[in-house]
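Enquirer:
Number of protein chains: 2
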Amino acid sequence: MNLEYITDIGKRAKAAQSVAATLTSKQKNDALVNIGKLLRENTDKIIKANKLDTENAVKNGISEVMIDRLMLNEARVNSIADALNTVVELADPVGEIEGGQMTPGGLEIIKKRVPLGVIGIIFESRPNVTVDAAALCIKSSNVAILRGGKEAINSNKALADVMREALKQSGLPEDMVILIENTDREIATQMMKLNDYIDVLIPRGGAGLIKSCVQNATVPVIETGTGNCHVYVDASADIDMAVNILNNAKTSRPSVCNACESLLVHNDIAKEFLPLAKKKLDEHNVVWLGCERTKAILCDDEILTATEADYKTEFLDYKISVKVVDSTEEAIEHINRYSTGHSECIVTNNFQNANLFTQRVDSAAVYVNASTRFTDGGEFMLGAEIGISTQKLHARGPMGLRELTTTKYVIHGNGQIR
Amino acid sequence: MNLEYITDIGKRAKAAQSVAATLTSKQKNDALVNIGKLLRENTDKIIKANKLDTENAVKNGISEVMIDRLMLNEARVNSIADALNTVVELADPVGEIEGGQMTPGGLEIIKKRVPLGVIGIIFESRPNVTVDAAALCIKSSNVAILRGGKEAINSNKALADVMREALKQSGLPEDMVILIENTDREIATQMMKLNDYIDVLIPRGGAGLIKSCVQNATVPVIETGTGNCHVYVDASADIDMAVNILNNAKTSRPSVCNACESLLVHNDIAKEFLPLAKKKLDEHNVVWLGCERTKAILCDDEILTATEADYKTEFLDYKISVKVVDSTEEAIEHINRYSTGHSECIVTNNFQNANLFTQRVDSAAVYVNASTRFTDGGEFMLGAEIGISTQKLHARGPMGLRELTTTKYVIHGNGQIR
Numbered sequence: 001m002n003l004e005y006i007t008d009i010g011k012r013a014k015a016a017q018s019v020a021a022t023l024t025s026k027q028k029n030d031a032l033v034n035i036g037k038l039l040r041e042n043t044d045k046i047i048k049a050n051k052l053d054t055e056n057a058v059k060n061g062i063s064e065v066m067i068d069r070l071m072l073n074e075a076r077v078n079s080i081a082d083a084l085n086t087v088v089e090l091a092d093p094v095g096e097i098e099g100g101q102m103t104p105g106g107l108e109i110i111k112k113r114v115p116l117g118v119i120g121i122i123f124e125s126r127p128n129v130t131v132d133a134a135a136l137c138i139k140s141s142n143v144a145i146l147r148g149g150k151e152a153i154n155s156n157k158a159l160a161d162v163m164r165e166a167l168k169q170s171g172l173p174e175d176m177v178i179l180i181e182n183t184d185r186e187i188a189t190q191m192m193k194l195n196d197y198i199d200v201l202i203p204r205g206g207a208g209l210i211k212s213c214v215q216n217a218t219v220p221v222i223e224t225g226t227g228n229c230h231v232y233v234d235a236s237a238d239i240d241m242a243v244n245i246l247n248n249a250k251t252s253r254p255s256v257c258n259a260c261e262s263l264l265v266h267n268d269i270a271k272e273f274l275p276l277a278k279k280k281l282d283e284h285n286v287v288w289l290g291c292e293r294t295k296a297i298l299c300d301d302e303i304l305t306a307t308e309a310d311y312k313t314e315f316l317d318y319k320i321s322v323k324v325v326d327s328t329e330e331a332i333e334h335i336n337r338y339s340t341g342h343s344e345c346i347v348t349n350n351f352q353n354a355n356l357f358t359q360r361v362d363s364a365a366v367y368v369n370a371s372t373r374f375t376d377g378g379e380f381m382l383g384a385e386i387g388i389s390t391q392k393l394h395a396r397g398p399m400g401l402r403e404l405t406t407t408k409y410v411i412h413g414n415g416q417i418r
Numbered sequence: 419m420n421l422e423y424i425t426d427i428g429k430r431a432k433a434a435q436s437v438a439a440t441l442t443s444k445q446k447n448d449a450l451v452n453i454g455k456l457l458r459e460n461t462d463k464i465i466k467a468n469k470l471d472t473e474n475a476v477k478n479g480i481s482e483v484m485i486d487r488l489m490l491n492e493a494r495v496n497s498i499a500d501a502l503n504t505v506v507e508l509a510d511p512v513g514e515i516e517g518g519q520m521t522p523g524g525l526e527i528i529k530k531r532v533p534l535g536v537i538g539i540i541f542e543s544r545p546n547v548t549v550d551a552a553a554l555c556i557k558s559s560n561v562a563i564l565r566g567g568k569e570a571i572n573s574n575k576a577l578a579d580v581m582r583e584a585l586k587q588s589g590l591p592e593d594m595v596i597l598i599e600n601t602d603r604e605i606a607t608q609m610m611k612l613n614d615y616i617d618v619l620i621p622r623g624g625a626g627l628i629k630s631c632v633q634n635a636t637v638p639v640i641e642t643g644t645g646n647c648h649v650y651v652d653a654s655a656d657i658d659m660a661v662n663i664l665n666n667a668k669t670s671r672p673s674v675c676n677a678c679e680s681l682l683v684h685n686d687i688a689k690e691f692l693p694l695a696k697k698k699l700d701e702h703n704v705v706w707l708g709c710e711r712t713k714a715i716l717c718d719d720e721i722l723t724a725t726e727a728d729y730k731t732e733f734l735d736y737k738i739s740v741k742v743v744d745s746t747e748e749a750i751e752h753i754n755r756y757s758t759g760h761s762e763c764i765v766t767n768n769f770q771n772a773n774l775f776t777q778r779v780d781s782a783a784v785y786v787n788a789s790t791r792f793t794d795g796g797e798f799m800l801g802a803e804i805g806i807s808t809q810k811l812h813a814r815g816p817m818g819l820r821e822l823t824t825t826k827y828v829i830h831g832n833g834q835i836r
């Protein structure tokens with residue numbers, strides 16, 4: 001019964017895909033503008049639906065932070081609609097000729113950029129993701145199958161209804177955006193195995209969701225957004241710069257994936273640096289989990305002993321694991337062992353150490369003398385972002401529109417055989 | 419116990435990866451030349467090991483075709499060694515700067531091409547794959563974990579020993595090539611889930627192997643090489659050209675993935691085309707599995723009725739499924755439903771139909787008026803090929819050295835915080 005439900009959605013998506021592949025940029029932009037218009041016109045309806053979700057959340061004792069993430073008001077609906085303009089203004093990667101050549105036998109081989117096809121997006125509570133993700137899929141001629149969290153189901157339904165109506169009014173297949181209204185966990189699991197109809201799965205959410213996709217999916221997954229990011233303060237670091245970068249990376253927004261979770265310090269600078277760093281982070285009451293040398297230097301009873309598990313943890317909180325190391329090599333080894341491959345930083349004035357670090361650290365973004373917080377589609381000037389890939393296949397780091405496309409070889413001949 | 423065995427291999431690979439990432443092209447080329455030299459010097463030893471495998475194969479009643487695929491003689495060892503020169507001559511994609519920019523805040527963002535890391539290759543009986551695959555991994559600064567079939571285990575051991583010895587002599591980590599000597603199925607399954615140590619899995623072999631990887635792996639998989647390829651003969655086709663292309667695509671080498679498995683013919687040309695096509699393919703005793711209209715036109719009792727399953731099947735044999743259709747659209751829909759996304763061809767003189775076909779057919783390589791047999795790394799001038807990707811993530815179609823790499827962002831700052 002459920003398998004039938006999700007298979008039917010897959011079939012509708014596949015049918016829409018065939019039309020989506022032939023759309024012009026103008027058609028897609030007109031539809032996006034129309035979505036923005038209808039979102040504004042339906043603000044009351046959307047807020048009303050959202051109220052059901054927030055009321056349920058209050059009843060279920062959800063935390064205030066989470067309720068705030070879930071809540072939509074007029075300003076937020078407007079800002080969701082505004083964000084569509086950014087997508088309209090992005091260059092369309094579909095149809096780009098990547099390259100090609102004439103073979104000695106006279107075949108013309110053309111490598112073209114084409115949409116991925118049907119993209120499954122599994123995400124958690126923030127309803128703005130529903131529109132953001134759908135808009136990027138539409139702009140790249142993909143079909144989006146959206147599966148949001150059950151806490152936001154009423155908001156998501158209202159938003160999806162508006163988008164589908166706008167697509168229809170613009171003459172595009174409304175099935176370019178399909179929301180899975182059944183929020184049973186079983187449906188999500190079946191979706192992850194729908195290889196006949198879904199080309200790629202992009203989970204957007206916490207480590208648990210990502211892990212569940214990687215473990216269960218047979219559809220190719222792009223892992224996104226878990227960041228156990230490191231700042232390594234080398235012996236030659238400018239101390240003020242190091243304190244500044246660490247403070248920014250750790251405390252400017254601890255709940256995001258590009259925030260620092262772990263500090264490594266060269267032994268030669270640890271005695272000077274650690275007390276200053278501790279003092280700075282104390283302003284935000286950051287909890288320290290340190291190695292024995294860290295504890296000895298800081299002589300602070302409040303510093304807990306860091307365990308193996310701590311070094312692996314993405315805290316997403318005012319918490320940091322700390323380790324004193326004896327060399328850049330040791331820092332690199334530690335990072336490559338514990339990191340999730342998101343973003344790492346070395347603070348140094350040593351040219352060789354900077355190069356060694358950027359060459360050997362196996363992460364999507366490796367910084368010399370700058371905060372890890374810059375790993376972001378906007379900061380990287382991609383215009384918009386569907387997520388930050390922490391795996392190495394297809395896309396690495398912030399993913400924009402181009403990362404929602406693939407290529408196809410088109411070959412023109414005049415009867416060639418081999 | 420087995421998990422310990424494969425985890426240990428993973429750890430050794432990871433350790434080698436860190437060194438591999440810093441090798442220069444010259445170091446890698448020197449090592450490849452040395453592998454070729456040692457392969458020639460150890461020809462007798464390799465042939466002796468191979469004899470154990472072929473003798474076992476005879477005992478186990480393996481087919482002659484398979485034994486021929488397995489067998490190594492002096493000429494074949496030489497040709498394996500020769501193939502290394504091709505890899506030496508390929509441009510090294512590692513270290514290429516893909517692009518970058520200065521942000522308004524003064525961060526220099528550089529997108530660099532870097533190795534994937536550790537590549538797991540699971541392959542079937544042909545021992546030349548052992549060296550081919552390892553050489554491409556070495557040249558792209560990757561570490562290869564090779565898991566070949568048990569029929570070729572003695573040959574593979576001998577070849578891997580020689581490669582490791584050559585790496586060592588050249589000052590490279592011998593663990594850049596690790597052969598899994600335990601051929602238990604369980605080990606392969608564990609390898610597919612070794613996410614901490616393997617970055618990507620590339621299966622090379624039949625549909626069963628590929629399916630098993632897609633079903634079981636949690637490590638990202640690049641699906642390769644299953645080809646249910648179609649030739650569609652449009653109403654406006656040049657009949658002689660169509661017969662020629664079909665014959666070449668079907669009969670020049672039926673056992674390969676770019677061979678044609680299914681023929682679609684427009685109804686308006688079917689009466690003229692089908693008898694000529696049948697006559698031509700009869701020269702190779704090709705078995706026809708046709709739709710009712712095909713059977714009616716050919717009035718041939720020997721033509722079997724094609725089932726749904728037949729249209730889905732990659733025969734890899736002198737067998738073809740055939741269907742008469744009423745439009746290019748119907749052909750496209752049929753292909754997108756039954757194809758494995760490898761290679762498809764339209765034979766036509768109609769410009770619009772050619773464009774519709776290349777735009778809507780959702781496969782890696784789409785041909786107008788040329789045989790599907792051209793989908794190949796060599797023919798596409800990639801120099802060498804690790805496989806032909808039939809999925810859409812990361813790589814699509816023939817994969818060369820570049821497809822064994824990923825990118826990394828390196829960001830240079832002078833204290834920037836966000």
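Going down the list, the protein sequences come from chains G and F.
Position one of the first sequence corresponds to residue 1 (our numbering), numbered consecutively onward.
Position one of the second sequence corresponds to residue 419 (our numbering), numbered consecutively onward.
C-beta atoms are modelled at their ideal positions from N, C-alpha and C, and glycine is treated no differently.
1. Would a C-beta distance cut-off of 8 Å place F/Leu811 and G/Val200 closer than the cut-off?
2. Between G/Val118, G/Asn349, G/Ala395, which lies nearest to G/Ile178 when the distance is taken from Cα to Cα?
3. Can you list the residues of chain G that F/Thr825 reaches, using a CB-CB cut of under 8 Å?
4. At a CB distance below 7 Å, what residues from the segment 670-695 of chain F approach chain G? Give them in sequence order.
5. Are the Cβ atoms of G/Gly387 and G/Thr224 separated by less than 8 Å?
6. Quick one: measure Cβ to Cβ for G/Val286 and G/Lys319, integer angstroms, because I've assumed they're closer than 8 Å.
7. Using 8 Å as the limit for Cβ to Cβ distance, is G/Thr7 near chain F?
8. When you compare only the Cα positions, how much space is there between G/Ile9 and G/Ala20?
9. Using CA coordinates, which residue listed in G/Asn154, G/Lys279, G/Arg185 is at the minimum distance from G/Ala49?
10. At a CB distance below 9 Å, what residues from the segment 352-371 of chain G approach chain F? Give them in sequence order.
11. Just the C-alpha distance for F/Tyr650 and G/Ala15, rounded to the nearest angstrom, thanks.
12. Between which two residues does the beta strand (DSSP E) carrying F/Cys678 extend?
13. For the structure I just gave you, are there three or more beta carbon pairs, one from the segment 139-149 of chain G and one from the segment 120-129 of chain G, closer than 8 Å?
14. Since F/Ile527 sits in a beta bridge, which residues does DSSP pair it with?
15. Pick from G/Gly377, G/Pro220, G/Gly383: whose alpha carbon is nearest that of G/Ile198?
16. Skipping 5 residues on each side, what residues in its chain have a beta carbon closer than 7 Å to that of F/Leu456?
17. Alpha carbon to alpha carbon, how far is F/Met659 from F/Ala653? Give it in angstroms, no decimals.
18. By a C-beta neighbour count over all protein chains shown, 10 Å radius and 16 as the cutoff for buried, is F/Arg622 buried or exposed?
19. If you reduce the DSSP assignment to three classes, tell me which class G/Lys323 lands in.
20. What separation, rounded to the nearest whole angstrom, lies between the Cα atoms of F/Thr440 and G/Arg360?
21. Using only the alpha-carbon positions, how far apart do G/Pro275 and G/Arg373 sit?
22. Check whether the Cβ of F/Arg603 lies closer than 7 Å to any heavy atom of the ligand GTP, and answer yes or no.
23. Evaluate contact between the segment 780-791 of chain F and the segment 758-769 of chain F, counting only Cβ atoms and requiring at least three cross-stretch pairs below 8 Å.
24. At what residue ranges does the segment 338-373 of chain G contain a whole run of the beta strand (DSSP E), taking only runs of 3 or more?
25. By Cβ distance, which residues of its chain are closer than 6 Å to F/Glu726, with the 5 residues on each side in sequence left out?
26. List in chain order: all unbroken alpha helix (DSSP H) runs of 4+ residues lying wholly within the segment 420-447 of chain F.
27. How is the beta strand (DSSP E) around G/Leu84 delimited, first residue to last?
28. Report the partner residues of G/His230 according to the DSSP bridge assignment.
29. Using the beta-carbon count (16 or more within 10 Å), is G/Leu263 buried or exposed?
30. Which residue or residues does DSSP assign as beta-bridge partners of G/Pro115?
31. Within a Cβ cutoff of 6 Å, which residues of the same chain sit near F/Asp510, ignoring the five residues on either side of it in sequence?
32. Can the beta-carbon of G/Val324 be found less than 8 Å from the beta-carbon of G/Val265?
33. Out of G/Asn29, G/Leu289, G/Glu181, which one is the CA nearest neighbour of G/Val87?
34. Does DSSP put G/Ile202 in a helix, in a strand, or in coil?
35. Apply the 10 Å Cβ neighbour rule to G/Lys54 and answer buried if 16 or more other Cβ atoms are within range, or exposed otherwise.
36. Which chain F residues sit within Cβ distance under 7 Å of G/Asp199?
Expert: So, from the data block:
1. Yes, they are a contact pair.
2. Measuring C-alpha to C-alpha distances from G/Ile178 to each of G/Val118, G/Asn349, G/Ala395 identifies G/Val118 as the nearest.
3. In chain order: Arg396, Gly397.
4. Under the 7 Å Cβ criterion, the segment 670-695 of chain F contributes Ser670.
5. At a Cβ-Cβ threshold of 8 Å, G/Gly387 and G/Thr224 count as neighbours.
6. About 7 Å separates the beta carbons of G/Val286 and G/Lys319, which is inside the 8 Å limit, making them a contact pair.
7. The C-beta of G/Thr7 comes no closer than 8 Å to any C-beta of chain F.
8. So the two alpha carbons sit approximately 16 Å from each other.
9. Proximity to G/Ala49 across G/Asn154, G/Lys279, G/Arg185 peaks at G/Asn154, based on C-alpha coordinates.
10. Residues of the segment 352-371 of chain G with a C-beta atom less than 9 Å from some C-beta of chain F are Ala354, Leu356, Thr358, Gln359, Arg360, Val361, Asp362, Ser363, Ala364, Ala365, Val366, Tyr367, Val368, Asn369, Ala370, Ser371, listed in chain order.
11. The alpha-carbon atoms of F/Tyr650 and G/Ala15 are separated by roughly 21 Å.
12. Annotation: the continuous beta strand (DSSP E) that includes F/Cys678 extends over 678-684.
13. They touch, by the three-pair rule.
14. In DSSP, F/Ile527 forms a bridge with F/Gln519, F/Ile829.
15. Among G/Gly377, G/Pro220, G/Gly383, the Cα nearest to that of G/Ile198 is on G/Pro220.
16. So the list reads Val580, Glu583, Ala584, once near-sequence residues are dropped.
17. About 13 Å.
18. The C-beta of F/Arg622 has 16 or more other C-beta atoms within 10 Å across all chains shown, which makes the residue buried.
19. G/Lys323: strand per DSSP, three-state reduction.
20. Whole-angstrom Cα-Cα distance: 7 Å.
21. Approximately 23 Å, taken between the alpha carbons.
22. The ligand content of the structure shown is nil, which means the ligand GTP is not present either.
23. Result yes; three or more Cβ-Cβ pairs closer than 8 Å.
24. DSSP runs (the beta strand (DSSP E)) wholly in the segment 338-373 of chain G: 343-347, 365-370.
25. Closer than 6 Å at the Cβ level, and outside the excluded window around F/Glu726, lies no residue.
26. Entirely contained in the segment 420-447 of chain F, the alpha helix (DSSP H) runs reaching 4 residues are, in chain order, 420-438.
27. Segment 74-89 is the alpha helix (DSSP H) holding G/Leu84; no beta strand (DSSP E) there.
28. Residue pairing from DSSP places G/His230 in a beta bridge opposite G/Ser262, G/Glu344.
29. Here G/Leu263 is buried: its Cβ has 16 or more other Cβ atoms, across all protein chains shown, within 10 Å.
30. In DSSP, G/Pro115 forms a bridge with G/Thr405.
31. Taking F/Asp510 as the centre and dropping the five residues before and after it, the same chain places the C-beta of Ser443 closer than 6 Å to its C-beta, in chain order.
32. Pairing G/Val324 with G/Val265 gives a Cβ-Cβ distance under 8 Å.
33. The shortest C-alpha separation from G/Val87 is found at G/Asn29.
34. Under the three-state reduction of DSSP output, G/Ile202 falls in the strand class.
35. According to the sequence as given, residue 54 of chain G is Thr; it is not Lys. Classification for G/Thr54: buried.
36. Correct list: Lys810.
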